[in-house]
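Take the sequence shown: its position 64, counting from 1, is numbered 52 in my numbering, and each next residue is one higher.
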Amino acid sequence: MNPAAEVLLKVSGLKVAYGGIQAVKGIDFEVREGELVSLIGSNGAGKTTTMKAITGLLGFTAGDIQYLGRSIKGRGAWDMVRAGLAMVPEGRGVFTRMSITENLQMGAHIRDDRAEIAHDLEKVFAIFPRLKERRTQLAGTMSGGEQQMLAMGRALMSRPKVLLLDEPSMGLSPIMVDKIFEVVREVHGQGVTVLLVEQNASRALQIADRGYVMESGVITMSGPARQMLDDPKVRAAYLGE
Ligand code: ATP
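This is the structure we're talking about:
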C-alpha cells in the first residue's frame, strides 16, 4: 500500500441487513488510488452485499461508506455511477438483444464527449480483441467468458475511478478464468483502481496489492496480498492446502 495515495473508498463499521438477517456485521476496509484490492471469502460471506452497499443499490443500517472523502449515505446508484464507481455484477447483466458495440456504447451513457468515447471504444477493443472481432454480434449469443469481457469493457467505457468486479471468474472454464484474471491485471496495470470480489482466493490474491478475507459477515484477515498467500492460515482455509 502506498500511504501517500488518496483513499478513494473507506468502509467503516458497515452493517447491512435483509429484514432481520444481518448479512454484513460491522466491517472496515479501504481502497486507495491505484490499488487492486481483493475481497475474498466463501459463498454467503457477505461480499456481494458489501458491493451493493458501496454502489448505492442497498442501504445500510450502521457505519459508513465514504467515497472520495464524502459519505455515500442516501445517494442512489445512479449518482454513484456518475461519481465514478462502476460495478460489474455477478451474472454480468449484458443487454442480450444488443450488439457488442451497442453494449459498450451504453457504458458511456453518462458521458457526452463523443470523440473521447470513440477513442475509449478502441481502447476497450485493444484490451479485448475478441469483442472487436464480434462487434456486430448480439451479446446474448456469446459465451459466458465473452459476456464477462463485455461487461468489463462496458464498465470501462464509463471511465471509472474505481472498478468493482463481483466474482468475474464464476462459472467460467479454466482457460477463460486465466484470461479474465489476465485482463483484470492488465486493466489495473493501466492505472484503474480495482476492488475485486472473488471466491477464487488464490487467483484473486495473486494479482492483488492487498486482500481482505470475509467470513459470515465479518472481516477475519487482511494484509498485503503476497503475505496472505504465504500465510498458513489463509492457505489452509482458502487455498485448499
Ligand atoms: P456469493 O458468493 O454467494 O455471492 P457472498 O459472499 O457475496 O456470496 P452475499 O450474497 O452477500 O454473500 O450474502 C450474504 C448473506 O446474506 C447470505 O447469508 C445470504 O443468504 C443473505 N442474503 C443475500 N441476499 C439476500 C436477500 N435478498 N434476502 C435475504 N438474505 C439475503
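Using N, Cα and C, we set each Cβ at its ideal position, and we do this for glycine too.
Outcome for residue i when other beta-carbon atoms lying within 10 angstroms are tallied against a minimum of 16
{"i": "ARG70", "result": "exposed"}
{"i": "PRO220", "result": "exposed"}
{"i": "ASP244", "result": "With the chain running from -11 to 229 in the structure shown, residue 244 is simply not present."}
{"i": "GLU186", "result": "buried"}
{"i": "GLY8", "result": "exposed"}
{"i": "PRO156", "result": "buried"}
{"i": "ASP100", "result": "exposed"}
{"i": "TYR6", "result": "exposed"}
{"i": "ILE163", "result": "exposed"}
{"i": "GLY29", "result": "buried"}
{"i": "GLY57", "result": "exposed"}
{"i": "ASN31", "result": "exposed"}
{"i": "LYS167", "result": "buried"}
{"i": "GLU134", "result": "buried"}
{"i": "LYS61", "result": "exposed"}
{"i": "GLY199", "result": "buried"}
{"i": "ALA(-8)", "result": "exposed"}
{"i": "ARG80", "result": "buried"}
{"i": "GLY34", "result": "buried"}
Under the three-state DSSP convention, the category residue i falls into
{"i": "PHE116", "result": "coil"}
{"i": "ALA96", "result": "coil"}
{"i": "LEU227", "result": "coil"}
{"i": "ARG63", "result": "coil"}
{"i": "SER204", "result": "coil"}
{"i": "GLU(-6)", "result": "coil"}
{"i": "GLN125", "result": "coil"}
{"i": "PHE17", "result": "strand"}
{"i": "LYS149", "result": "coil"}
{"i": "ALA74", "result": "strand"}
{"i": "VAL180", "result": "coil"}
{"i": "GLU170", "result": "helix"}
{"i": "ARG198", "result": "strand"}
{"i": "GLU155", "result": "coil"}
{"i": "VAL175", "result": "helix"}
The ligand ATP heavy atom lying under 7 Å from the CB of residue i
{"i": "THR43", "result": "no"}
{"i": "LYS35", "result": "yes"}
{"i": "GLY32", "result": "yes"}
{"i": "GLU121", "result": "no"}
{"i": "ALA192", "result": "no"}
{"i": "GLU78", "result": "yes"}
{"i": "TYR6", "result": "yes"}
{"i": "GLY29", "result": "yes"}
{"i": "GLN136", "result": "no"}
{"i": "ILE168", "result": "no"}
{"i": "GLU155", "result": "yes"}
{"i": "ILE9", "result": "yes"}
{"i": "GLN93", "result": "no"}
{"i": "GLN178", "result": "no"}
{"i": "GLN187", "result": "yes"}
Exercise. For the 8 Å Cβ check, are there 3 or more pairs between the segment 7 to 23 and the segment 108 to 121?
Worked result: no
Exercise. Looking at C-beta atoms only, is the number of pairs between the segment 172 to 189 and the segment 145 to 159 that lie closer than 8 Å three or more?
Worked result: yes
For this session: Mind the definition here: the segment 144 to 151 touches the segment 90 to 104 only if three or more C-beta pairs lie below 8 Å; say whether that holds.
Result: yes
For this session: Indicate whether the contact test is met: 3 or more Cβ pairs, each with one atom in the segment 41 to 59 and one in the segment -7 to 0, closer than 8 Å.
Result: yes
Exercise. Between the segment 174 to 184 and the segment 200 to 215, do at least 3 Cβ pairs fall closer than 8 Å?
Worked result: no
Exercise. Do the segment 32 to 46 and the segment 79 to 91 touch if we need at least three Cβ pairs shorter than 8 Å?
Worked result: no
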